[in-house]
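Undergrad: Below you'll find the structure I mean.
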Amino acid sequence: MTTETETNKYVSYLDHEGKYKGIFAWIFATDHKRIALLYLYAIAAFFFVGVTLGELMRIELIAQGETIMNAQTYNGVFTVHGVIMIFMVVIPGLSAVFGNFFLPILIGAKDVSFPKLNRLSWWIFMVGSAMAVASQFLRSGPPDTGWTFYAPYSTTTGTSVILATSAAFVLGFSSILTGLNFIVTIHRLRAPGMGFFNMPLFPWAIYATAWIQLLATPIVGITLVMLIAERLFGIGFFDPNLGGDPLLYQHLFWIYSHPAVYVMILPAMGVISEIIPTFCQRKIYGYKAIALSSLAIAGVGFLVWGHHMYTSGMSEQARWFFSLLTFIVAVPSAIKVFNWLATMYKGSIDLKPPFLYAVSFIFLFIIGGTTGLLLGSVATNIQVHDTAFVVAHFHYIIFGGMGFAFFAALHYWFPKIWGRMYDFKQATIGWGVLFVGFNLLYFPQFIIGFQGMPRRYFDYLPQFHTGQVISSVGGLILAIGLIIMVANLVKGARKGAPAPANPWGGSTLEWQIPSPPSVENFDEEPSIKKNPYDYQ
Amino acid sequence: MSEKHSHVEEHRDDEASKLGMWLFIFTELLLFGGLFLVYSIFRSEYHEAFHKSSLELSVTIGAINTIALLFSSMTIAMALTAMQKNNKKLALLMIGITLFMAVIFLINKYFEWGHKFEMGLYPGSPLMPLLDRGYLLYFSLYFFMTGLHALHIIIGMILLFICLFKVKNGTINNKRYSLLENGALYWHLVDLIWIFLFPLMYLIS
Amino acid sequence: MANNVSHITEYRVLGKVLLVLMLMTFLTITVTSFDLGAFSVTIALLIAGFKAFMVLTYFMHLKHESLLLRILVGSVFVLFALIILITFIDYAYR
Numbered sequence: 032m033t034t035e036t037e038t039n040k041y042v043s044y045l046d047h048e049g050k051y052k053g054i055f056a057w058i059f060a061t062d063h064k065r066i067a068l069l070y071l072y073a074i075a076a077f078f079f080v081g082v083t084l085g086e087l088m089r090i091e092l093i094a095q096g097e098t099i100m101n102a103q104t105y106n107g108v109f110t111v112h113g114v115i116m117i118f119m120v121v122i123p124g125l126s127a128v129f130g131n132f133f134l135p136i137l138i139g140a141k142d143v144s145f146p147k148l149n150r151l152s153w154w155i156f157m158v159g160s161a162m163a164v165a166s167q168f169l170r171s172g173p174p175d176t177g178w179t180f181y182a183p184y185s186t187t188t189g190t191s192v193i194l195a196t197s198a199a200f201v202l203g204f205s206s207i208l209t210g211l212n213f214i215v216t217i218h219r220l221r222a223p224g225m226g227f228f229n230m231p232l233f234p235w236a237i238y239a240t241a242w243i244q245l246l247a248t249p250i251v252g253i254t255l256v257m258l259i260a261e262r263l264f265g266i267g268f269f270d271p272n273l274g275g276d277p278l279l280y281q282h283l284f285w286i287y288s289h290p291a292v293y294v295m296i297l298p299a300m301g302v303i304s305e306i307i308p309t310f311c312q313r314k315i316y317g318y319k320a321i322a323l324s325s326l327a328i329a330g331v332g333f334l335v336w337g338h339h340m341y342t343s344g345m346s347e348q349a350r351w352f353f354s355l356l357t358f359i360v361a362v363p364s365a366i367k368v369f370n371w372l373a374t375m376y377k378g379s380i381d382l383k384p385p386f387l388y389a390v391s392f393i394f395l396f397i398i399g400g401t402t403g404l405l406l407g408s409v410a411t412n413i414q415v416h417d418t419a420f421v422v423a424h425f426h427y428i429i430f431g432g433m434g435f436a437f438f439a440a441l442h443y444w445f446p447k448i449w450g451r452m453y454d455f456k457q458a459t460i461g462w463g464v465l466f467v468g469f470n471l472l473y474f475p476q477f478i479i480g481f482q483g484m485p486r487r488y489f490d491y492l493p494q495f496h497t498g499q500v501i502s503s504v505g506g507l508i509l510a511i512g513l514i515i516m517v518a519n520l521v522k523g524a525r526k527g528a529p530a531p532a533n534p535w536g537g538s539t540l541e542w543q544i545p546s547p548p549s550v551e552n553f554d555e556e557p558s559i560k561k562n563p564y565d566y567q
Numbered sequence: 067m068s069e070k071h072s073h074v075e076e077h078r079d080d081e082a083s084k085l086g087m088w089l090f091i092f093t094e095l096l097l098f099g100g101l102f103l104v105y106s107i108f109r110s111e112y113h114e115a116f117h118k119s120s121l122e123l124s125v126t127i128g129a130i131n132t133i134a135l136l137f138s139s140m141t142i143a144m145a146l147t148a149m150q151k152n153n154k155k156l157a158l159l160m161i162g163i164t165l166f167m168a169v170i171f172l173i174n175k176y177f178e179w180g181h182k183f184e185m186g187l188y189p190g191s192p193l194m195p196l197l198d199r200g201y202l203l204y205f206s207l208y209f210f211m212t213g214l215h216a217l218h219i220i221i222g223m224i225l226l227f228i229c230l231f232k233v234k235n236g237t238i239n240n241k242r243y244s245l246l247e248n249g250a251l252y253w254h255l256v257d258l259i260w261i262f263l264f265p266l267m268y269l270i271s
Numbered sequence: 025m026a027n028n029v030s031h032i033t034e035y036r037v038l039g040k041v042l043l044v045l046m047l048m049t050f051l052t053i054t055v056t057s058f059d060l061g062a063f064s065v066t067i068a069l070l071i072a073g074f075k076a077f078m079v080l081t082y083f084m085h086l087k088h089e090s091l092l093l094r095i096l097v098g099s100v101f102v103l104f105a106l107i108i109l110i111t112f113i114d115y116a117y118r
């Protein structure tokens, strides 16, 4: 062979031949892009299991009385639906997939700071997921406590709580290590010339998210260990008969689980902050405000957890405090929404699928967010706590918010990841069906919830029947929309037209490199702009 | 091959490793933080019971353990200084003393716990649920917190043993001591936790 | 980036810090042997906090680390303190 030349020959990361062969080239990979795809495929599979469980619940609820399952089974179904969706889909979701794939690229780096730790994160994720699945079938039957595992029921029920909570503990470890990796990466591996305030907004979002993952997760970790110890040894922390306090469990649980929802939504908002400028061909309005609002949400988000507990027996002063902080934490989110809208105003708008998902995100997030205010105010909370209203609220925020942002990210970065393009028309149809189905599924639940329909009930009074039917029909339409969307993307990945480096006219670094990227991302030194959203 | 070696070297980032260890330390602080939170709640609710239960603990042994850990914190810091000054012998000696102090701590712990077990006090024992509420909570917390702490002592010892071997075979040297630095940081964390655990468990009488 | 020999903590300094720590330990034990009611906890925690500060600053080398790291460490303790305080808003008034 001839002597080595300066320029590296381009090899897509998908085709690169390394030390390992076949499947091992993937499961032993340390390339952040391969790890991102490993997470994607696993999470997609878990998502579809979670959706199926959700659809089973909708079938049960389409009629009064026992339709396809009894009460105990229903309890098991909503529990595992929550565990899978929360711990195996939505919390890792955007960070582990798109954070892994694009964080290094967006800051001009070749990989994360600790690639082997990254690989370990994925392995731990898979082990935890296997344990969660196992808890359904092994030992004494699927847990029936809800994904929240409230004491004292969780400390006394005969079902496989220990296995399920151990699974959550292991999954938490994966989350912590990912957060650690991303924080160090952002501090150490930004390309020369890229200060913190020259970074695009997705890395900012990932940064804020990583801090929450790092600091909040250990608390739920120790809480679950306490729960297990209570089951095994009767240590008394949460058992009122032994001098403990069930509310203490709720405090400890929500001290993590509230910040966790910001782990879900912050990267989603980061994605939207990337898509909107590109499809309006306009600099984002209020870059610094959006960047700092991510940190503000992360910080204040640690102090609001009690709004899940207004009716639990907390002191009046506590309720007052948490309500105040909850209203405060809404402000930085609102700032983002206003800035996105301002960016669109008089922009050169291109209604491609990523933008459709981004705009519908804003719409659904506003509904979810404002209904959150209703829940955040103590007096109105009493009416709607533990009703279908709450279920509708968090599905609008998590599914309508994070979920739609995930789909937006998929459609936005698809050409970069797989080097191919999907069909726009089918993507748009899929989006439309999905959007209609989603609203039909969840909006009625606001109404019947407000009227008194409890959550986690498999049966209900006759006055809620109409709402439940509309909701279940919506669920069916949603499923069809998901199938259309996924089928289109799979088709595109397999035999879509080859995609150019910059199909959307984006200005951030990922669009400067080939689609798909080469193994070390940048074969030439990237040119770092002071303003990441620099359009002609 | 020299190319591969320089490839690895150019990826070496000691500042990143140090930051990473500090971040991990944060997670450990919050892990124990959850337990300190539980402790503070129950202590305020069962003030008298906590006070009386802590009389079962030996302040002397607790003090010896505290001094052992503080001393070991100094010796591991000295080990790092020695390594930075290329004094391999002293570094090995200091790491050895640190490990020895850790063993003393664990032996004391063994006797403390053994004594409790003999009295019928252990998690899940038939005696525990018969205790009055505050007493049960105090001892549950005692075993949980000192147990989790002891686990971290063991993890720290494993880390330091690895450092010991690597100093011995020259992998850790005065040009490359990140592993020892970070191992020492982890050890200091274990000491930090005990600094709070000691007064809260032993000195509330 | 290889280790910069930026600052090495002298043996002497480490020895002095240990002496201070042992002194503080002795002080804690002595003070808490008197019945000072609620003050006992406060004093014990203050002394423990000071000991922790010494370990962090000298043994863990924070005195010579970047401002960023010092702010981060401080922030973690502040966050933890806030969480305890806020939880007590519930328990103190029930």
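Protein chains in written order, with the numbering used here: chain A, 32 to 567; chain B, 67 to 271; chain C, 25 to 118. Just so you know, even glycine gets a beta-carbon here, dropped at the ideal spot from N, CA and C.
1. Can you check whether the C-beta of threonine 254 of chain A is within less than 8 Å of a C-beta belonging to chain B?
2. Using alpha carbons as the reference points, say which of A:Leu471, A:Ser205, A:Ser408, A:Phe132 lies closest to tyrosine 44 of chain A.
3. What does arginine 118 of chain C touch in chain A if you count any residue whose Cβ is under 8 Å from its own?
4. Using the C-alpha atoms, what's the distance from arginine 78 of chain B back to lysine 70 of chain B?
5. Counting pairs of Cβ atoms below 8 Å between the region 351 to 361 of chain A and the region 377 to 393 of chain A, do you hit three or more?
6. Answer yes or no: does any C-beta atom of chain A fall closer than 8 Å to that of valine 102 of chain C?
7. Hey, tyrosine 117 of chain C and glutamate 91 of chain A: beta-carbon distance below 8 Å or not?
8. Could you give the C-beta distance for arginine 486 of chain A and aspartate 417 of chain A, rounded to a whole number, given that I count them as a contact under 8 Å?
9. Anything in the region 79 to 93 of chain B with a Cβ closer than 7 Å to a Cβ of chain C? List those residues in chain order, please.
10. What does asparagine 552 of chain A pair with, by DSSP beta-bridge criteria?
11. Using DSSP with H/G/I as helix, E/B as strand and the rest coil, what is asparagine 248 of chain B?
12. Within 8 Å of any Cβ in chain B, is that where the Cβ of proline 183 of chain A sits?
13. Tell me whether the beta-carbon of leucine 404 of chain A lies closer than 8 Å to the beta-carbon of valine 415 of chain A.
14. What first and last residue would you give for the alpha helix (DSSP H) that runs through tryptophan 154 of chain A?
15. Tell me which same chain residues have a C-beta within less than 6 Å of the C-beta of phenylalanine 98 of chain B, skipping the five on either side of it?
16. For asparagine 152 of chain B, which of helix, strand or coil comes out of DSSP?
17. For chain B, check one thing: does any of its Cβ atoms lie closer than 8 Å to the Cβ of lysine 75 of chain C?
18. Taking only three categories from DSSP, how would you classify threonine 237 of chain B?
19. So who's on the other strand from proline 485 of chain A, going by DSSP bridges?
20. Within this structure, are the beta carbons of serine 205 of chain A and isoleucine 155 of chain A separated by less than 8 Å?
21. For aspartate 565 of chain A, name the three-state secondary structure that DSSP assigns.
22. Residues of chain C with a CB under 8 Å from the CB of histidine 282 of chain A: which are they?
23. Going by CA-CA distance only, name the one from A:Phe495, A:Lys52, A:Gly468 that's closest to isoleucine 478 of chain A.
24. Would you tell me roughly how many angstroms separate the C-alpha atoms of serine 144 of chain A and isoleucine 307 of chain A, rounded to the nearest one?
25. I want to verify the contact list: residues of chain A whose CB lies under 9 Å from the CB of leucine 106 of chain C, in sequence order.
26. So for proline 290 of chain A, helix, strand or coil by DSSP?
27. By how many angstroms is the C-alpha of isoleucine 511 of chain A removed from the C-alpha of tyrosine 184 of chain A?
28. Using the rule of at least 16 other Cβ atoms within 10 Å of the residue's Cβ for burial, across every protein chain shown, is glycine 61 of chain C buried or exposed?
29. Tell me whether asparagine 476 of chain A is buried or exposed, calling it buried when 16 or more other Cβ atoms sit within 10 Å of its Cβ.
30. Ordered along the chain, which non-local residues of its own chain (more than five positions away) have a Cβ less than 8 Å from that of glycine 468 of chain A?
31. Taking a contact to mean a Cβ-Cβ separation below 8 Å, would you say leucine 84 of chain A touches valine 111 of chain A in this structure?
32. Taking a contact to mean a Cβ-Cβ separation below 8 Å, would you say alanine 530 of chain A touches glycine 450 of chain A in this structure?
33. Which residues share a DSSP beta bridge with proline 529 of chain A?
34. Rounded C-beta distance between isoleucine 159 of chain B and leucine 230 of chain B? I'm assuming under 8 Å.
35. Going by the beta-carbon positions, is the gap between glycine 210 of chain A and tryptophan 242 of chain A smaller than 8 Å?
36. So, helix, strand or coil for arginine 221 of chain A, using DSSP?
TA: In short, the structure shows the following:
1. For the purposes of this step, residue 254 of chain A is taken as the residue at position 223 of the first sequence. So yes, threonine 254 of chain A belongs to the interface.
2. By 1-based counting over the first sequence, the position of residue 44 of chain A is 13. That would be A:Phe132, whose Cα lies nearest to the Cα of tyrosine 44 of chain A.
3. Stepping through the third sequence from its first residue, residue 118 of chain C is reached at position 94. The answer, in chain order, is Gly344, Met345, Ser346.
4. Taking the second sequence and counting its residues from 1, one reaches residue 70 of chain B at position 4. Taking the second sequence and counting its residues from 1, one reaches residue 78 of chain B at position 12. Since pLDDT at lysine 70 of chain B reaches only 46, below the 50 mark, its modelled position is unreliable, and the value read off the structure follows with that caveat. Spanning the two alpha carbons is a distance of roughly 13 Å.
5. no
6. Here residue 102 of chain C is taken as the residue at index 78 of the third sequence, counted from 1. With 8 Å as the cut-off, valine 102 of chain C does not count as an interface residue toward chain A.
7. On the third sequence, position 93 is the one that residue 117 of chain C refers to. On the first sequence, position 60 is the one that residue 91 of chain A refers to. No, the Cβ-Cβ distance between tyrosine 117 of chain C and glutamate 91 of chain A is not below 8 Å.
8. Along the first sequence, one-based indexing puts residue 486 of chain A at 455. Along the first sequence, one-based indexing puts residue 417 of chain A at 386. The Cβ separation is near 6 Å, so the contact holds.
9. Asp79, Asp80, Glu81, Trp88, Phe92
10. Position 521 of the first sequence, counting from 1, holds the residue named residue 552 of chain A. Bridge partners of asparagine 552 of chain A: A:Ser549.
11. The residue you call residue 248 of chain B lines up with position 182 of the second sequence. DSSP places asparagine 248 of chain B in helix when its eight states are reduced to three.
12. Mapped onto the first sequence, residue 183 of chain A falls at position 152. With 8 Å as the cut-off, proline 183 of chain A does not count as an interface residue toward chain B.
13. For this step, residue 404 of chain A is matched to residue 373 along the first sequence. For this step, residue 415 of chain A is matched to residue 384 along the first sequence. Not a contact, by the Cβ cut-off of 8 Å.
14. Sequence index remark: in the first sequence, residue 154 of chain A carries index 123 (1-based). Segment 146 to 168, the alpha helix (DSSP H) holding tryptophan 154 of chain A.
15. Along the second sequence, read from residue 1 onward, the residue named residue 98 of chain B stands at position 32. Taken in chain order, the residues that qualify are Ile259.
16. Position 86 of the second sequence holds residue 152 of chain B. Asparagine 152 of chain B falls in the coil class under three-state DSSP.
17. Here residue 75 of chain C refers to the residue found at position 51 of the third sequence. By this cut-off, lysine 75 of chain C is an interface position.
18. Taking the second sequence and counting its residues from 1, one reaches residue 237 of chain B at position 171. Coil at threonine 237 of chain B, not helix or strand.
19. Translated into positions along the first sequence, residue 485 of chain A becomes position 454. Looking at the DSSP assignment, proline 485 of chain A forms a beta bridge with A:Thr418.
20. On the first sequence, position 174 is the one that residue 205 of chain A refers to. On the first sequence, position 124 is the one that residue 155 of chain A refers to. In this structure, isoleucine 155 of chain A lies closer than 8 Å to serine 205 of chain A by Cβ.
21. One-based indexing of the first sequence puts residue 565 of chain A at position 534. Coil.
22. For this step, residue 282 of chain A is matched to residue 251 along the first sequence. Going along chain C in sequence order, the residues near histidine 282 of chain A (Cβ under 8 Å) are Thr111, Asp114.
23. In the first sequence, counting from the first residue as 1, residue 478 of chain A sits at position 447. Measuring from the Cα of isoleucine 478 of chain A, the nearest candidate turns out to be A:Phe495.
24. The residue labelled residue 144 of chain A in the question sits at position 113 within the first sequence. The residue labelled residue 307 of chain A in the question sits at position 276 within the first sequence. Each residue's Cα considered, the two are about 29 Å apart.
25. In the third sequence, the residue the question calls residue 106 of chain C occupies position 82. Ordered by position in chain A, the residues that pass the 9 Å Cβ test against leucine 106 of chain C are Phe333, Leu334.
26. As a working note, residue 290 of chain A is residue 259 in the first sequence. Proline 290 of chain A falls in the helix class under three-state DSSP.
27. Indexing the first sequence from 1 puts residue 184 of chain A at position 153. Indexing the first sequence from 1 puts residue 511 of chain A at position 480. So the two alpha carbons sit approximately 37 Å from each other.
28. On the third sequence, residue 61 of chain C is found 37 positions in, with the first residue counted as 1. Under this definition glycine 61 of chain C is an exposed residue.
29. Taking the first residue of the first sequence as 1, we reach residue 476 of chain A at position 445. Per the sequence shown, the amino acid found at residue 476 of chain A is glutamine instead of asparagine. It counts as buried.
30. As a position in the first sequence, residue 468 of chain A is number 437, starting the count at 1. Excluding residues within five positions, the ones whose Cβ falls inside 8 Å are Gly505, Gly506, Leu507, Ile508, Leu509, Ala510, Ile511, Gly512.
31. As a first step, residue 84 of chain A must be located in the first sequence, where it is residue number 53. As a first step, residue 111 of chain A must be located in the first sequence, where it is residue number 80. In this structure, valine 111 of chain A lies closer than 8 Å to leucine 84 of chain A by Cβ.
32. Position 499 of the first sequence holds residue 530 of chain A. Position 419 of the first sequence holds residue 450 of chain A. Going by C-beta atoms, alanine 530 of chain A is nearer than 8 Å to glycine 450 of chain A.
33. On the first sequence, residue 529 of chain A is found 498 positions in, with the first residue counted as 1. The partner list for proline 529 of chain A (beta bridge, DSSP) reads A:Arg451.
34. Indexing the second sequence from 1 puts residue 159 of chain B at position 93. Indexing the second sequence from 1 puts residue 230 of chain B at position 164. For clarity, residue 159 of chain B is leucine in the given sequence; the question names isoleucine instead. Incorrect: roughly 10 Å between the Cβ atoms, too far for contact.
35. In the first sequence, residue 210 of chain A corresponds to position 179, counting from 1. In the first sequence, residue 242 of chain A corresponds to position 211, counting from 1. Going by C-beta atoms, glycine 210 of chain A is nearer than 8 Å to tryptophan 242 of chain A.
36. Residue numbering aside, residue 221 of chain A sits at position 190 when the first sequence is read from its first letter. The answer is coil: DSSP assigns arginine 221 of chain A none of H, G, I, E or B.
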